[in-house]
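Those protein sequence lines, which keep their order, are chains A and B. Going by my numbering, the letters in the first sequence line up with residues 1 to 412, in that order. Going by my numbering, the letters in the second sequence line up with residues 1 to 403, in that order. C-beta: ideal position from N, C-alpha, C; glycine also. Being a predicted model, the structure only gives us computed values, none of them experimental. Contents: one structure, followed by commentary.
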Amino acid sequence: MSSLAGVKVLDLSRVFSGPWAAQMLADFGADVIKVERPGRGDDVRHQGLRARGEDGREEGETSSFMSMNRGKRSVAIDLSRPAGQALARGLAMRSDILIENFKAGDLARYGLDYTALAALNPRLVYCSISGFGQTGPYRHLPGYDPLFQSMSGLMSITGHADGEPGGGPLRVGYSVGDITAGFYAVSAILAALRHRDAVSGQGQHIDLALLDAQVASISHVAMMYLVSGQQPARLGNVSPITCPWQSFDCADGQIVVAVGNDTQFAAMCDVLELPGLPGDPRYATNPMRARHRLELVPLLERAIARHPVARLRAAFDAAGVPCGPINDFEQVFDDPQIRHREMLLSMPAGAGRTIPQVANPVRFSGTPVEYRRAPPALGEHTDEVLREVLGLDAAELEDLRRDRIIQATPAP
Amino acid sequence: MTAPLHGIRVLDLSRVFSGPFATQMLADLGADVIKVERPGLGDEVRQQGSPLRDAAGRPLAWTSSFLAMNRGKRSITIDLAAPEGQAMVRELARQSDVFIENFKTGDLARHGLDYASLRALNPRLIYCSITGFGQDGPRSRQPGYDLVFQAMSGIMGMTGEADGPPQRVGYSVSDITAAYHAVIGILSALHARQSGLCEGQHIDIALLDCQLAAASHVAMGYLLSGVQPARIGTRSHFMVPYQAFDCADQPLVVMCGNDEQFRRLAAALDLPGLADDPRYAANLQRMRHQDTLVPMLEDALRAHPRAHWLEALDRAGVPCAPIQDFRQAFDDPQVRHRGMVTHLPFAPTGTLPLVANPLRLSETPVEYRRPPPALGEHTEEICAQLLQVPVERLRALREQGIL
Numbered sequence: 001m002s003s004l005a006g007v008k009v010l011d012l013s014r015v016f017s018g019p020w021a022a023q024m025l026a027d028f029g030a031d032v033i034k035v036e037r038p039g040r041g042d043d044v045r046h047q048g049l050r051a052r053g054e055d056g057r058e059e060g061e062t063s064s065f066m067s068m069n070r071g072k073r074s075v076a077i078d079l080s081r082p083a084g085q086a087l088a089r090g091l092a093m094r095s096d097i098l099i100e101n102f103k104a105g106d107l108a109r110y111g112l113d114y115t116a117l118a119a120l121n122p123r124l125v126y127c128s129i130s131g132f133g134q135t136g137p138y139r140h141l142p143g144y145d146p147l148f149q150s151m152s153g154l155m156s157i158t159g160h161a162d163g164e165p166g167g168g169p170l171r172v173g174y175s176v177g178d179i180t181a182g183f184y185a186v187s188a189i190l191a192a193l194r195h196r197d198a199v200s201g202q203g204q205h206i207d208l209a210l211l212d213a214q215v216a217s218i219s220h221v222a223m224m225y226l227v228s229g230q231q232p233a234r235l236g237n238v239s240p241i242t243c244p245w246q247s248f249d250c251a252d253g254q255i256v257v258a259v260g261n262d263t264q265f266a267a268m269c270d271v272l273e274l275p276g277l278p279g280d281p282r283y284a285t286n287p288m289r290a291r292h293r294l295e296l297v298p299l300l301e302r303a304i305a306r307h308p309v310a311r312l313r314a315a316f317d318a319a320g321v322p323c324g325p326i327n328d329f330e331q332v333f334d335d336p337q338i339r340h341r342e343m344l345l346s347m348p349a350g351a352g353r354t355i356p357q358v359a360n361p362v363r364f365s366g367t368p369v370e371y372r373r374a375p376p377a378l379g380e381h382t383d384e385v386l387r388e389v390l391g392l393d394a395a396e397l398e399d400l401r402r403d404r405i406i407q408a409t410p411a412p
Numbered sequence: 001m002t003a004p005l006h007g008i009r010v011l012d013l014s015r016v017f018s019g020p021f022a023t024q025m026l027a028d029l030g031a032d033v034i035k036v037e038r039p040g041l042g043d044e045v046r047q048q049g050s051p052l053r054d055a056a057g058r059p060l061a062w063t064s065s066f067l068a069m070n071r072g073k074r075s076i077t078i079d080l081a082a083p084e085g086q087a088m089v090r091e092l093a094r095q096s097d098v099f100i101e102n103f104k105t106g107d108l109a110r111h112g113l114d115y116a117s118l119r120a121l122n123p124r125l126i127y128c129s130i131t132g133f134g135q136d137g138p139r140s141r142q143p144g145y146d147l148v149f150q151a152m153s154g155i156m157g158m159t160g161e162a163d164g165p166p167q168r169v170g171y172s173v174s175d176i177t178a179a180y181h182a183v184i185g186i187l188s189a190l191h192a193r194q195s196g197l198c199e200g201q202h203i204d205i206a207l208l209d210c211q212l213a214a215a216s217h218v219a220m221g222y223l224l225s226g227v228q229p230a231r232i233g234t235r236s237h238f239m240v241p242y243q244a245f246d247c248a249d250q251p252l253v254v255m256c257g258n259d260e261q262f263r264r265l266a267a268a269l270d271l272p273g274l275a276d277d278p279r280y281a282a283n284l285q286r287m288r289h290q291d292t293l294v295p296m297l298e299d300a301l302r303a304h305p306r307a308h309w310l311e312a313l314d315r316a317g318v319p320c321a322p323i324q325d326f327r328q329a330f331d332d333p334q335v336r337h338r339g340m341v342t343h344l345p346f347a348p349t350g351t352l353p354l355v356a357n358p359l360r361l362s363e364t365p366v367e368y369r370r371p372p373p374a375l376g377e378h379t380e381e382i383c384a385q386l387l388q389v390p391v392e393r394l395r396a397l398r399e400q401g402i403l
């Protein structure tokens with residue numbers, strides 16, 4: 001039994017943060033109903049790559065859709081029409097949690113805003129995720145991940161310094177802003193659920209902004225700015241506060257080394273046969289090493305460049321020096337530790353096909369994550385959900401379908 | 001209003017980053033967090049980052065990194081190597097709901113503070129272990145820090161310019177990502193306990209697992225196609241346009257999340273017909289033909305300064321943003337409106353600026369009840385309140401260096 005068994009989630013969100021949060025709740029055992037617009041469905045069904053079948057033709061859903069929609073049932077309802085809005089209200093009345101990421105104010109036009117739904121279901125935990133939040137001068141603006149990477153200061157601290165070759169702000173290669181907001185959404189939802197169940201009996205509204213979440217996530221680097229008033233330099237792969245903490249060129253590739261304390265630094269010097277360094281007062285403690293980084297690092301670079309990656313890694317591992325290779329994804333999924341932890345799994349996806357999935361990393365001893373459903377086809381569960389939750393019969397479903405309020409698609 | 005985690009006691013044996021960041025979130029949500037530190041130096045993070053300065057500019061014994069992840073906690077110093085110290089921690093764990101630690105796998109078993117030992121005392125305890133590689137597997141006993149997991153998870157491999165080397169994300173994203181999973185795991189385990197599904201349990205969080213899972217749709221693109229995602233600077237693997245462009249003066253990030261936004265962008269840039277061209281009308285086509293499309297957009301955007309485009313594209317409803325440094329970010333009208341910097345009373349300097357928690361709960365707003373604690377600031381308070389240690393004994397423990 002997973003930890004959120006019995007919890008019902010109505011997911012009106014599209015593309016990223018919201019679906020990602022709802023997938024986390026599904027992994028933990030919640031029953032997640034994903035509402036999509038008939039025809040096109042979630043925009044993310046049209047982003048990313050598709051697998052190719054044996055005949056070389058593309059098949060199945062896109063990689064982006066599949067990465068954030070497992071464990072859900074898809075119901076296709078047209079929310080722009082009153083009959084569709086009534087269906088969504090019916091589902092919300094029977095839910096514990098609602099997640100939406102419409103632009104601030106949009107759902108009020110449909111009678112699906114927090115005030116309207118709390119009147120029908122006071123126990124509802126209603127989570128709004130938007131780019132800039134429900135309030136403030138930018139509340140009406142649309143926004144996507146790179147905007148929040150750039151506005152939060154993240155891009156200003158990622159990449160090489162301006163004067164260096166290839167210098168300039170860089171975007172993090174995955175949608176870290178979306179994912180970060182997704183984590184905060186899940187945290188807030190679970191906290192609100194606990195408050196409802198243990199204290200108040202009432203739901204509440206959560207107003208989560210991607211920009212806020214990304215600013216908060218930068219944490220100690222932002223704090224360095226707040227304490228010192230100095231913009232942290234863009235240092236490429238080098239840490240401003242810990243040394244050595246960077247990538248190094250070996251004889252045949254790169255390795256990263258992250259030395260967190262003085263014992264590890266001594267062990268590293270031992271492996272590199274640099275016996276004088278740990279006793280040198282300039283390098284004895286981390287603050288001293290960070291201060292004398294420009295003198296220390298070249299000494300380490302020269303010593304490291306003599307070794308091939310594999311041999312150095314083995315020696316550092318044996319000595320307890322934190323290090324790792326810079327992996328591409330082939331190497332990631334081939335890594336013995338990743339394989340041991342079963343971070344790659346395979347799910348049946350209908351028609352005899354299986355799809356790969358990256359596992360949920362939270363390992364519970366008592367209520368393990370269960371993967372019960374592959375990402376759904378658009379409207380795959382429309383009839384099932386409306387029959388089960390709202391008690392509609394075949395004639396009513398047929399009327400709704402004919403009026404194009406809903407769309408039902410057979411399982412693939 | 002009572003906070004969501006009111007009445008939940010968290011015993012925090014973790015150091016440096018993931019664990020402290022997770023317990024700060026639990027403290028923000030109202031939990032009573034007791035931070036156990038070693039006598040003398042305390043958490044290593046007290047030695048990392050920029051020093052806080054007093055009004056005269058003199059450095060104080062508080063660092064930015066410690067201040068960033070330790071508000072809302074009480075600090076008690078206990079020597080875990082001493083049997084009497086271990087007994088005190090066991091007694092605190094008996095009275096706690098949640099226990100967080102990030103020792104190397106197996107280390108706490110030597111002190112009788114592993115999950116099996118503590119469960120025997122308190123079956124309702126939720127025990128969360130955060131490590132680099134997890135509690136099992138060939139590398140489970142290796143130490144590791146953020147940079148190692150950025151490298152091994154593949155995210156450095158996909159960050160950087162096309163012709164440049166892999167790049168690190170500029171903050172400790174792997175630590176933070178693991179912290180979020182720890183919080184989420186703990187909250188859902190509390191839910192399972194509350195609803196009677198089980199008593200306490202063990203949660204095993206690995207930084208490497210979490211960072212890989214967070215790579216999400218990019219990792220999935222690889223799994224479906226077998227093609228390693230290229231390093232592409234500020235661009236996206238999945239959408240066009242979606243990147244930084246040079247305006248006449250400064251760069252601007254511009255992107256279209258759907259075809260309607262692209263239509264509006266083409267109109268705002270005065271490029272009629274572009275959105276009707278079958279090569280560019282839909283995102284998957286734009287991906288395919290970006291080599292011809294992007295130069296046209298570059299030329300158009302270069303014609304005017306950034307302020308012009310920010311205003312014009314905002315008006316057209318096309319997502320765009322300046323690349324801000326921290327001064328600009330914290331000065332941004334929206335960031336200010338949302339109160340993302342909060343100030344707490346703080347004895348050494350009068351007041352302390354902190355980055356706010358971004359969770360906005362309508363009924364149970366986050367409350368900041370305590371600034372980050374001095375080392376051992378609450379040792380006596382906790383000893384008296386929870387351990388009933390008499391004053392003479394307290395003095396003796398202090399003299400022996402156990403507290």
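Is it buried or exposed, residue i, if we count other Cβ atoms within 10 angstroms and call 16 or more buried?
i, result
"A:Glu295", "exposed"
"B:Val391", "exposed"
"B:Val11", "In the sequence on display, residue 11 of chain B carries Leu and not Val. When all chains shown are included, B:Leu11 counts as buried."
"B:Ala3", "buried"
"A:Gly71", "buried"
"A:Asp178", "buried"
"B:Ala68", "buried"
"A:His220", "buried"
"A:Ser156", "buried"
Please go through the same chain and pick out, in chain order, the residues whose beta-carbon is closer than 6 Å to the beta-carbon of residue i, but skip the five residues on each side of it.
i, result
"A:Gly203", "Arg123, Leu124, Val125, Arg196"
"A:Leu87", "Ile77"
"A:Cys269", "Leu277, Pro278"
"B:Ala321", "Val253"
"A:Leu12", "Val35, Glu100"
"B:Val98", "Val10, Ile126, Ile186"
Can you name, in chain order, every residue of its own chain whose Cβ lies under 8 Å from the Cβ of residue i, other than the five neighbours on each side?
i, result
"A:Gln254", "Ser247, Phe248, Val309, Pro325, Ile326"
"A:Ile338", "Val332, Leu344"
Does any heavy atom of the ligand SAM sit closer than 7 Å to the C-beta of residue i?
i, result
"A:Val186", "Absence of the ligand SAM from the depicted structure is noted, as is the absence of any ligand whatsoever, leaving it without description."
Flag this pair as yes or no: are the beta carbons of residue i and residue j separated by less than 8 Å?
i, j, result
"B:Gly144", "B:Gly134", "no"
"A:Leu4", "A:Val35", "no"
"A:Ser187", "B:Val183", "yes"
"B:Thr63", "B:Gly42", "no"
"B:Asp204", "A:Arg363", "yes"
"A:Ile97", "A:Val7", "yes"
Going along the chain, which residues of its own chain have a beta-carbon closer than 7 Å to the beta-carbon of residue i, five neighbours each way excluded?
i, result
"B:Leu386", "Leu92, Gln95"
Please list, in chain order, the chain D residues whose beta carbon lies closer than 7 Å to that of residue i.
i, result
"B:Phe99", "Here the protein chains are A and B, and chain D is not one of them."
* Entirely within the stretch 241-308 of chain B and at least 3 residues each: give me those beta strand (DSSP E) ranges in chain order. => 242-246, 251-255
* Kindly provide the ranges of any alpha helix (DSSP H) runs that are 4 or more residues long and lie completely inside the stretch 167-246 of chain A, ordered along the chain. => 176-195, 210-217, 219-228
* What are the complete alpha helix (DSSP H) segments, minimum 4 residues, inside the stretch 311-381 of chain B? -> 326-331, 333-337
* For the 8 Å Cβ check, are there 3 or more pairs between the stretch 278-288 of chain B and the stretch 218-234 of chain B? -> no
* Is the stretch 394-410 of chain A in contact with the stretch 88-106 of chain A, if contact means three or more CB pairs nearer than 8 Å? -> no
* To do: Within the stretch 338-397 of chain A, note down every full alpha helix (DSSP H) run reaching 4 residues or more, in order along the chain.
  => 382-390
* Asked: Which runs of the beta strand (DSSP E) spanning at least 3 residues fall entirely within the stretch 75-115 of chain A, listed in chain order?
  -> 97-100
* Asked: Hey, is the stretch 204-214 of chain A in contact with the stretch 142-153 of chain A, meaning 3+ C-beta pairs nearer than 8 Å?
  -> yes
* Check whether the stretch 215-233 of chain A touches the stretch 348-360 of chain B, taking contact to mean three or more Cβ pairs, one atom from each stretch, closer than 8 Å. => yes
* **Sufficient close CB pairs (3 or more, under 8 Å) joining the stretch 83-98 of chain A to the stretch 382-392 of chain A** => yes
* Asked: Which residue spans inside the stretch 247-292 of chain A form an unbroken beta strand (DSSP E) run of at least 3?
  -> 254-258
* Flag this pair as touching only if the stretch 334-354 of chain B and the stretch 295-311 of chain B have three or more C-beta atom pairs under 8 Å; answer yes or no. => no
* For the stretch 392-401 of chain A against the stretch 17-35 of chain B, are there 3 or more C-beta pairs whose distance is under 8 Å? -> no
* Which full runs of the beta strand (DSSP E) of 3+ residues lie inside the stretch 66-125 of chain B, going along the chain? -> 73-77, 98-101
* the stretch 177-191 of chain A contacting the stretch 241-251 of chain B, beta-carbon criterion three pairs below 8 Å -> no
* Stretch-stretch touch, CB-based, cutoff 8 Å, three pairs: the stretch 184-199 of chain B with the stretch 144-159 of chain B -> no
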